[in-house]
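Protein chains: 2
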Amino acid sequence: MNDKNLKIMVVKIGGTEGVDFSRICSNAARLITEDKKLILVHGGSAEANQLGVDLNIPPRFITSPSGHTSRYTDQKTMEVFIMAVNGKVNSRLVSQLQEKGVNAFGLSGMDGRLIQATRKEAIQSVENGKRRIIRDDFSGKIDTVQADLLHTLLAAEMLPVIAPIAIGKAGEPLNVDADRAAAEVAAAMKADTLILLTAVPGLMKSFPDERTLIKKVDRKDITSLQEYAQGRMKNKVLGAQEALEKGVSNVLIADGSVENPIDHALAGNCTWIC
Amino acid sequence: MNDKNLKIMVVKIGGTEGVDFSRICSNAARLITEDKKLILVHGGSAEANQLGVDLNIPPRFITSPSGHTSRYTDQKTMEVFIMAVNGKVNSRLVSQLQEKGVNAFGLSGMDGRLIQATRKEAIQSVENGKRRIIRDDFSGKIDTVQADLLHTLLAAEMLPVIAPIAIGKAGEPLNVDADRAAAEVAAAMKADTLILLTAVPGLMKSFPDERTLIKKVDRKDITSLQEYAQGRMKNKVLGAQEALEKGVSNVLIADGSVENPIDHALAGNCTWIC
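Heads up: the sequence lines are chains A and B, in that order.
The first sequence begins at 77 in my numbering and counts up one residue at a time.
The second sequence begins at 77 in my numbering and counts up one residue at a time.
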């Protein structure tokens, strides 16, 4: 890890409603003028759900036996997901950043095999209390992130903006959880800090009571956080854990709806795990 | 122009029905194993039209006073266009190429400001014989192509796959004609050859009689070709002319539906302008 690497910050922009792209992009633009090295990773679940509804391919979800929820991505849903996430959300972020003078570069994990994953060939799902095995799902577990490609973009003073689609062994697009993709990117880039921006101020002991926000967590206590995590927050805690285990120093789960959300998080208004 | 540059070939893959992505990708994959340097530029009109219909934002077209037809791209249509072209067509090509072992890298002209254009702020349109001025259209005229970015990808042994979306002065996405985008890419890369693959064998004196295919054209006679060009073929002839004027040695208008379409064109089965 050298001095240059230490400055890298990976910011994951949640795809849920309430996360304010414009504020995040403005904040990112200012940080870049201050020579910070940023990489953005985004989700797109709200857009993917809406596009699915509009195209009469409504979203479906899988609940694992341990209670994790993920998108059921068969071939048709994958097409919708790519259009929404890569075509709409990624392009919108790139455009907003370019408007603000940042030379953003949008890419997905398929491009140049940036994010390689292994397809989950059989997924256990619980429906109405019954277990079943799903075999036509195109989601994957990330194996590697090509850090060289991102270093090349950063060296050319570009801001990489990454859509959470990985590539499988057979060249097929795979849906990967965006929080965990951000964690893997942060780890591969030896980033100092990973910020997961979402629509709430962080992890709360008693959701949605914001007075119960868990502010500071020692990394050795992270497993205990899972008991407070609900829904998609579980993936954030998992992502945080992965990033920390792989060498990232700080993981912040923070509010993406406020003014200057990145500064706001770095000022300690978040769940800060280190 | 050095030896390396001379080998660059730009292939534009038409977005109309009949153009066979799988055959083109297979042919491209073999050429790359033979050390040819390729760049792909694609359209996506059929997909954009279909998605527009599915989303109840049907496509509309503008006819200029001189008879050129182009897509009417207001803000909503632009979103549909980006989803179809960048999200669907580009990702599909990247996936098909990766399946065949090619390290494809999809990007649009917005990424890293690859293709910069100036928005056409007022467009003359003829409807039912009457002229009107359209001011809410997001299409542009290409100013520059960042050749460095493409050289970087080629040097990393990646195959650039380019979606025809440019970036305007204010960071806004702009619809640009894919044939002319391919011509500008070929010119900026000092490509030796530009191949425009479409659903017909080339330009015909008496369309659709394939026996009237115009096989060989001297570049000084290119203006005379316009009289035979109908519909979107007019853009191909314009693109060919631009490419030749800017230093590209050969422009081939050829059939993208046959087996090994690139080899087939290079064997002379096309309209070859040089």
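Backbone N, C-alpha and C fix where the C-beta goes; we use that ideal spot for every residue, glycine too.
Bear in mind the structure is a predicted one, so any value in this text is a computation, not a measurement.
Interface flag, residue i vs chain A, CB-CB below 7 Å
i: Phe214/B; result: no
i: Asn251/B; result: no
i: Phe181/B; result: yes
i: Gln302/B; result: no
i: Asn204/B; result: no
Partner residues on chain A for residue i, Cβ-Cβ distance less than 8 Å
i: Ile158/B; result: Gly163, Lys164, Ser167
i: Arg189/B; result: Gln174, Asn179
i: Thr220/B; result: Residues of chain A passing the Cβ test: none, with the nearest at roughly 14 Å.
i: Val149/B; result: The sequence shown places Thr at residue 149/B, rather than the Val named in the question. Neighbours of Thr149/B on chain A: none; closest Cβ ~14 Å, over 8 Å.
Same chain, Cβ closer than 6 Å to residue i, five either side skipped, listed in chain order
i: Leu82/B; result: Reliability of the predicted coordinates at Leu82/B is poor, the pLDDT of 45 falling under 50, and no value is obtained from them.
i: Asp150/A; result: Asp212
i: Gly128/B; result: Pro134, Pro135, Val156
i: Val170/A; result: Ala180, Gly182, Val237
i: Lys292/B; result: Trp348
i: Ile84/B; result: Lys113, Met265, Ala267
i: Val86/B; result: Ile115, Ala258, Val261, Ala262, Ala267, Leu270
Chain B contact residues for residue i, given Cβ-Cβ distances below 7 Å
i: Phe97/A; result: Those within 7 Å of Phe97/A in chain B number zero; the least Cβ separation is about 13 Å.
i: Ser171/A; result: Met186, Gly247, Glu248, Pro249
i: Thr228/A; result: Thr228
As assigned by DSSP and simplified to three states, the class of residue i
i: Arg147/A; result: strand
i: Arg136/A; result: coil
i: Cys350/B; result: coil
i: Gln222/A; result: coil
i: Glu335/A; result: coil
i: Thr153/A; result: helix
i: Ile241/A; result: strand
i: Val170/B; result: helix
i: Arg207/A; result: strand
i: Ser300/A; result: helix
i: Gln192/B; result: strand
i: Lys310/B; result: helix
i: Leu114/B; result: strand
i: Gly216/A; result: strand
i: Lys292/B; result: strand
i: Thr92/B; result: coil
i: Leu131/A; result: coil
i: Ser121/A; result: helix
i: Ala160/A; result: helix
i: Gly177/B; result: coil
i: Gly315/A; result: helix
Nonlocal neighbours in the same chain, by C-beta distance under 7 Å from residue i, ignoring five residues either side
i: Cys350/B; result: Arg295, Ser325, Asn326
i: Asp255/B; result: Lys88, Leu272, Asn311, Lys312, Gly315
i: Arg208/B; result: Ser201
i: Asn103/B; result: Asn336, Pro337, Ile338, Asp339
Residues that residue i contacts on chain A, provided the C-beta gap is smaller than 9 Å
i: Leu131/B; result: Leu127, Asp130, Leu131
Cross-strand partners of residue i (DSSP beta bridge)
i: Phe97/A; result: Paired residues: none, contrary to the question.
i: Thr269/A; result: Met85/A, Asn326/A
i: Lys281/B; result: Lys281/B pairs with nothing; no bridge assigned.
i: Ile102/B; result: Reading off the sequence, residue 102/B comes out as Ser, not Ile. Answer is none; Ser102/B lacks a bridge partner.
i: Ile199/B; result: Ile210/B
i: Gly182/A; result: Val237/A
i: Leu250/B; result: Ala242/B
i: Thr274/A; result: Asp331/A
Within chain A, partners of residue i - CB distance below 7 Å
i: Ile243/B; result: Gln174
i: Glu155/B; result: Lys164
Proximity test, Cβ basis, 7 Å: residue i and chain B
i: Met234/A; result: yes
i: Met77/A; result: With a pLDDT of only 37 at Met77/A, under 50, the local geometry of the prediction cannot be trusted, and the value read off the model is given with reservation. False, the Cβ-Cβ gap to chain B never drops below 7 Å.
Cβ-based neighbour list, residue i, same chain, cut-off 8 Å, excluding 5 preceding and 5 following
i: Glu248/A; result: Arg195, Phe214
i: Arg189/A; result: Gln222, Ile243
i: Glu318/B; result: Arg256, Ala259, Glu260, Ala263
i: Ile138/A; result: Thr145, Ser146, Arg147, Tyr148, Ile199, Ser201, Ile210, Asp213
i: Ile298/B; result: Val313, Ala316, Gln317, Leu320, Ile349
i: Glu123/A; result: Gly91, Ala160, Val161, Lys164, Val165
Proximity test, residue i beta-carbon vs the ligand MN heavy atom, cut-off 6 Å
i: Ser102/A; result: Because no ligand of any kind appears in the structure shown, any question about the ligand MN cannot be addressed here.
Within-7 Å CB hit, residue i to chain C
i: Ala105/B; result: The displayed structure is made up of protein chains A and B, and chain C is not among them.
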